[in-house]
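Student:
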Amino acid sequence: MNGSNLLSRLVACSVILVIRIRRMRRALRCSLFKVQLFLKDEVRCFCCFVLISISLCLGVARAVTLEVREGNSTCIKADLSASFSISYNTSNTSTTVQVNLPDSTTVDVGSSSCGSDGRPVSLVGVFGPGHTLGLFFSTNGSVYSVDTLSLQYNLSDSTLFPFANSSDVVTVMTNSVGMWARLNTTYRCVSPASIPVGGATVTFSGVRMEAYMTQEDLSPSECLYGRPGGYHGNACARQPDDDRRHQRHHPPHQAPPNKGTTP
C-alpha cells in the first residue's frame, strides 16, 4: 500500500468517525458537555479495570480463613494474609521472588492436628504443588503461643521459581515467632510483621488467630499487637511463671511484660 492510498483510507475513516459521533449526539439528545462527561466516566472505568487486572496479575495478598477441626469442634482458626520473600539459585546467579499466600489455600488435614493424637496442636496450610505454611502451638495452661513457624516450598514449581537449578522441596523453620495471647482470647496483629525463616522471610498482615479454642468462632477478647508500644489489652497479660517459658517467642523489640503487670 503506497502513501497516497494510506492517506485516503485515514481520511475516509476520520469522516466516518465524525459522522458516527454526530449521529450518536443526535440520538442521545445531549450536549457536548454531557458527551465529555460520559467519555470521562468511560475512561475512569477503563482505568479501574486496568488497575484491577494489574493487581490480579501481580498476585496481591488476600486474606484467607483456615480452620482445624476435630469432629464437630474447631480447635484453631486463623484469618490472615501472608507473603513470602524466598531466595533461590539459578544456573547463573541467586534471585529472590515474592510469593503471596493465595486465597485458594486449604488446610492440610493430615498434617494439622488438635493435639488429641499426641502430635502438637498445629495448623498447616497447603497451596500450589507442594508449598505449605505451618504454625505449631504450645501452651502452659494460661497462655498459648506459636512455638514454631515453618515454610515449605517446591523449587520444581517453575511458575514461582523460574530457571531454578534445583527441584528440591525445601523446608525452613524458626522458633522465634512472637505470637501469643491468653487462652480463650484472640491474637490480633494490625500491622505487617516480618519473620525471618531460614533463607526466607514470612510477612503476616491482618492476622486474627486463636488456638486451643473452646467455641466455634474467634473470641471477641483480643490481644492486640502492632500499635506503638507493642502488645495491648488484658488478653496479653501473663501469669508470673510464664515469662521464662515464653521469653523466646517475643521479637527482640518486645520484651515480656513484668511479672504481675498488664501491658
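Residue 46 in numbering that gives the first Met the number 0 sits at position 47 of the sequence shown, with consecutive numbering throughout.
A virtual CB, placed ideally from N, CA and C, is assigned to each residue, including glycine.
To the nearest angstrom, how far is it from the Cα of S72 to the Cα of V171?
Tutor: Near 30 Å, if we compare the C-alpha coordinates of V171 and S72.
Student: Whole angstroms are fine: how far does the CA of D107 sit from the CA of T213?
Tutor: Distance between the alpha carbons of T213 and D107 is about 21 Å.
Student: Can you tell me which of the three DSSP states R61 falls into?
Tutor: R61: coil per DSSP, three-state reduction.
Student: Can you list, in chain order, the residues of its chain with a C-beta nearer than 7 Å to that of V98? Leave out the 5 residues immediately preceding and following it.
Tutor: Once the five neighbours on either side are set aside, the close Cβ partners of V98 are S82, F83, I85 and L159.
Student: Should G114 and V123 be called a contact, given that it needs their Cβ atoms to be closer than 8 Å?
Tutor: No, Cβ-Cβ distance for G114 and V123 is not below 8 Å.
Student: Roughly how many angstroms separate the alpha carbons of R207 and D116, rounded to a whole number?
Tutor: Straight-line Cα distance between these residues: approximately 26 Å.
Student: When we look at the beta-carbon of G177 and count the other beta-carbons within 10 Å, is it buried (16 or more) or exposed?
Tutor: By the 10 Å Cβ count, G177 comes out buried.
Student: Would you kindly work out how many angstroms separate the C-alpha atoms of L154 and V96, rounded to a whole number?
Tutor: In a straight line, the C-alpha of L154 is about 12 Å away from that of V96.
Student: In whole angstroms, give me the CA-to-CA distance for S112 and A163.
Tutor: Between S112 and A163, the C-alpha separation is close to 33 Å.
Student: Within its chain, find whatever has a CB closer than 8 Å to the CB of D156; leave out the 5 residues flanking it on each side and keep chain order.
Tutor: Result list for D156: G127, P128, G129 and H130, in chain order.
Student: Could you pull out every residue in the same chain whose Cβ sits closer than 6 Å to the Cβ of R187, ignoring the five residues on either side in sequence?
Tutor: Same-chain partners within the cutoff: R207, E221 and L223.
Student: Return the first residue and the last residue of the beta strand (DSSP E) that P195 is part of.
Tutor: Counting along the chain, the beta strand (DSSP E) containing P195 begins and ends at A192 to V196.
Student: With distance defined between alpha-carbon atoms, name the residue in T147, G70, W179 and K76 nearest to F135.
Tutor: Cα-wise, what sits closest to F135 is T147.
Student: Rounded to whole angstroms, what is the Cα-Cα separation between V63 and T92?
Tutor: Spanning the two alpha carbons is a distance of roughly 34 Å.
Student: Thinking C-alpha only, which one of T94, S80 and N183 is nearest P101?
Tutor: P101 has its Cα closest to that of S80, out of T94, S80 and N183.
Student: Could you tell me which whole beta strand (DSSP E) segments of length 3 or greater appear in the stretch 144-228?
Tutor: Segments of the beta strand (DSSP E) lying fully in the stretch 144-228: 168-173, 179-181, 185-188, 192-196, 199-210 and 221-226.
Student: Helix, strand or coil: how does DSSP classify R22 here?
Tutor: Three-state result, R22: helix.
Student: From what residue to what residue does the beta strand (DSSP E) around T104 run?
Tutor: No beta strand (DSSP E) contains T104, which DSSP labels as neither H nor E.
Student: With a threshold of 8 Å on Cβ separation, who are the neighbours of I53 within its own chain once the five nearest residues in sequence on each side are excluded?
Tutor: Model confidence at I53 stands at a pLDDT of 39, short of 50, so the residue's coordinates are unreliable; what they give is reported in the following sentence. None.
Student: Note down the Cα distance separating P191 from V168, rounded to an integer number of angstroms.
Tutor: Answer to the nearest angstrom: the Cα atoms are 27 Å apart.
Student: Taking buried to mean at least 16 other C-beta atoms within 10 Å of its own C-beta, is G133 buried or exposed?
Tutor: Its Cβ being crowded by 16 or more others within 10 Å, G133 is buried.
Student: Which residues mark the beginning and the end of the beta strand (DSSP E) in which G268 is found?
Tutor: Past the boundaries of the shown model lies residue 268; the chain is included only from 0 to 262, so the question cannot be answered.
Student: Can you check which of these residues, T104, R181 and A199, is closest to L65 by C-alpha distance?
Tutor: It is T104 whose Cα lies nearest to the Cα of L65.
Student: Could you tell me the alpha carbon to alpha carbon distance between D78 and R181, rounded to whole angstroms?
Tutor: Each residue's alpha carbon lies about 18 Å from the other.
Student: Excluding five sequence neighbours on each side, which residues of the same chain lie with their C-beta closer than 6 Å to the C-beta of N88?
Tutor: Within the same chain, N88 has close Cβ partners N164.
Student: Tell whether a beta-carbon distance below 8 Å holds between Y211 and T94.
Tutor: No, they are not a contact pair.
Student: Taking C-beta to C-beta, are S144 and T184 nearer than 8 Å?
Tutor: Not a contact, by the Cβ cut-off of 8 Å.
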